[in-house]
Amino acid sequence: MKKKGSILAVLVLVVLGLFTGCSGKKEEAGGEKSAGPAFVTIATGGSSGAYFALGGAISNQLNQKIEGVNSSVQSTGASAVNATLLGTEKVELAFAMNDVVSYAYTGTEVFKEKGKVENLRGIAALYPNFVQLITVEKTGIKEVSDLKGKRVGVGAPGSGTEVNARQILKAYGITYDDIKADYLSYAEAVEQMKNGAVDAAFLTSGLPNSTIMDLSTTQDVKIIPIRKATVEKLAEEYPFYASEVIPAGTYDNEEDVETAAVQTLLVTRADLSDDLVYNITKTIFENLDALKETHSAANSIQLEAVRKGMPIPLHPGAEKYFNEHK
Numbered sequence: 008m009k010k011k012g013s014i015l016a017v018l019v020l021v022v023l024g025l026f027t028g029c030s031g032k033k034e035e036a037g038g039e040k041s042a043g044p045a046f047v048t049i050a051t052g053g054s055s056g057a058y059f060a061l062g063g064a065i066s067n068q069l070n071q072k073i074e075g076v077n078s079s080v081q082s083t084g085a086s087a088v089n090a091t092l093l094g095t096e097k098v099e100l101a102f103a104m105n106d107v108v109s110y111a112y113t114g115t116e117v118f119k120e121k122g123k124v125e126n127l128r129g130i131a132a133l134y135p136n137f138v139q140l141i142t143v144e145k146t147g148i149k150e151v152s153d154l155k156g157k158r159v160g161v162g163a164p165g166s167g168t169e170v171n172a173r174q175i176l177k178a179y180g181i182t183y184d185d186i187k188a189d190y191l192s193y194a195e196a197v198e199q200m201k202n203g204a205v206d207a208a209f210l211t212s213g214l215p216n217s218t219i220m221d222l223s224t225t226q227d228v229k230i231i232p233i234r235k236a237t238v239e240k241l242a243e244e245y246p247f248y249a250s251e252v253i254p255a256g257t258y259d260n261e262e263d264v265e266t267a268a269v270q271t272l273l274v275t276r277a278d279l280s281d282d283l284v285y286n287i288t289k290t291i292f293e294n295l296d297a298l299k300e301t302h303s304a305a306n307s308i309q310l311e312a313v314r315k316g317m318p319i320p321l322h323p324g325a326e327k328y329f330n331e332h333k
């Protein structure tokens, strides 16, 4: 009996030794140790937008750099949908515009009936999202006031773009009753514009937007200005808006075009572990070049601006990382 017991003890030690050895090899491979869920789903936006492209780049980095994390990307209707997905704990990370995040957190605007999404926490403010109100030359539309009676793509249902469209039109004294509103994604709006089924469309994204670039290869794209004075008036009621310009040459436009912008945020859930969110934040900011190679919007991501326009508390894991890199 003693002999059998000794053999069993030796076998246990051997198995433990093998397990420890394997663990050591994983650490030596350079992966960050992480506590928390093994799966990290990133809610993005339409497959043609910056959210989807950057989400894919972040997902790749998390898979490569953080031990034990299996990350994937989910294409969605963007900001409002993403906040809801976080609230119902169906995703771990999400891109969203700061105005919609505020509405979700406070239970206002598009979240008035849905209620507050109180588990939202910030990771970082990333870059400005430009409201791009586009048309084509043949429509003759030059100003926002010309949209009355026209067929206008106002964004996908539940998207931040749709909120922007409604608020900006309101600032110009226009409601959906004055236009023929179509709730279309970026790709759908551009396709309908190619077919002549839509006269103008709102697209809120980083610059440049690939669907607008695609449209410009076959049509003379025109960007309808959203005037600075109107944006400043709008910001009195909705402080998330800032006046920006779409630079000349972005879409073959000869001059800068005034427009409105809001801030893109990367957000998460309060229940994710501090260690996991710390490692996610660390991985993103130590591999910004990979994001910049994926989409030019990432060129605006700066460590010094991670709190800019952030309407919700930072997650403690993200805050720890930023406090270490002041």
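To convert, count from 1 in the sequence shown and add 7; that's the numbering used here.
The beta carbon of each residue, even a glycine, is placed where N, CA and C say it ideally should be.
All values reported here derive from a predicted model rather than from experimental measurement.
What three-state label does DSSP hand methionine 220 in the structure shown? helix
Identity of the residues DSSP links to glutamate 270 by a beta bridge: A small fix is needed here, since residue 270 is glutamine in this sequence, not glutamate. Beta-bridge pairing links glutamine 270 to Pro135.
Just the C-alpha distance for arginine 276 and proline 318, rounded to the nearest angstrom, thanks. 14 Å
Where aspartate 206 falls, given that 16 or more other Cβ within 10 Å makes a residue buried: buried
Kindly indicate which residue of Glu261, Asp185, Asn330 has the alpha-carbon position closest to the one of valine 161. Asp185
Segments assigned alpha helix (DSSP H), at least 4 residues, entirely inside the stretch 135-161: none
Determine the DSSP secondary structure at valine 313, reduced to helix, strand or coil. coil
Please check the pair threonine 271 and isoleucine 130, which I expect to be a contact at CB under 8 Å, by giving their CB distance rounded to whole angstroms. With 8 Å as the limit, threonine 271 and isoleucine 130 do not qualify as a contact, their Cβ atoms being about 12 Å apart.
In terms of residues, what are the limits of the alpha helix (DSSP H) holding leucine 61? 57-72
Cβ distance (whole Å) where tyrosine 134 is taken to contact isoleucine 308 below 8 Å: 6 Å
Residues bridged to valine 47 by DSSP? Ser78
Element boundaries [beta strand (DSSP E), containing valine 228]: 228-230
Glycine 147 burial status per 10 Å Cβ neighbour count (16 or more: buried): exposed
Roughly how many angstroms separate the alpha carbons of leucine 214 and alanine 255, rounded to a whole number? 12 Å
First and last residue of the beta strand (DSSP E) that includes threonine 83? Threonine 83 -> no beta strand (DSSP E), and no H or E assigned at all.
Could you compute how far the alpha carbon of lysine 315 sits from the alpha carbon of alanine 325? 14 Å
Which residues mark the beginning and the end of the beta strand (DSSP E) in which phenylalanine 209 is found? 207-212
Let's test the definition: count the other Cβ atoms within 10 Å of the Cβ of phenylalanine 46 and tell me whether it reaches 16, buried, or not, exposed. exposed
Between aspartate 281 and arginine 128, what straight-line distance do the alpha-carbon atoms span, to the nearest angstrom? 12 Å
What does the alpha-carbon distance come out to for the pair glutamate 96 and valine 269? 25 Å
Option in Lys201, Asn171, Asp296, Pro164 with minimal Cα separation from glycine 5: Nothing about residue 5 can be read from this structure; the chain reaches only from 8 to 333.
Inter-residue CB distance, serine 373 and threonine 51 (contact presumed, cutoff 8 Å): Examination of residue 373 is not possible in this model, given that the chain is present from 8 through 333 alone.
Return helix, strand or coil for glycine 324, following the three-state DSSP convention. helix
In whole angstroms, what is the alpha-carbon distance linking valine 228 and lysine 157? 17 Å
So, is lysine 333 buried or exposed, given that buried needs 16 or more other C-beta atoms within 10 angstroms? exposed
Cβ neighbour criterion (16 or more within 10 Å) applied to leucine 93: buried
Cα-Cα separation between glutamate 261 and isoleucine 141, rounded to whole angstroms: 15 Å
I'd like to confirm something about valine 151: is its beta-carbon nearer than 8 Å to some heavy atom of the ligand ATP, or not? The ligand ATP is not part of this structure, which contains no ligands at all.
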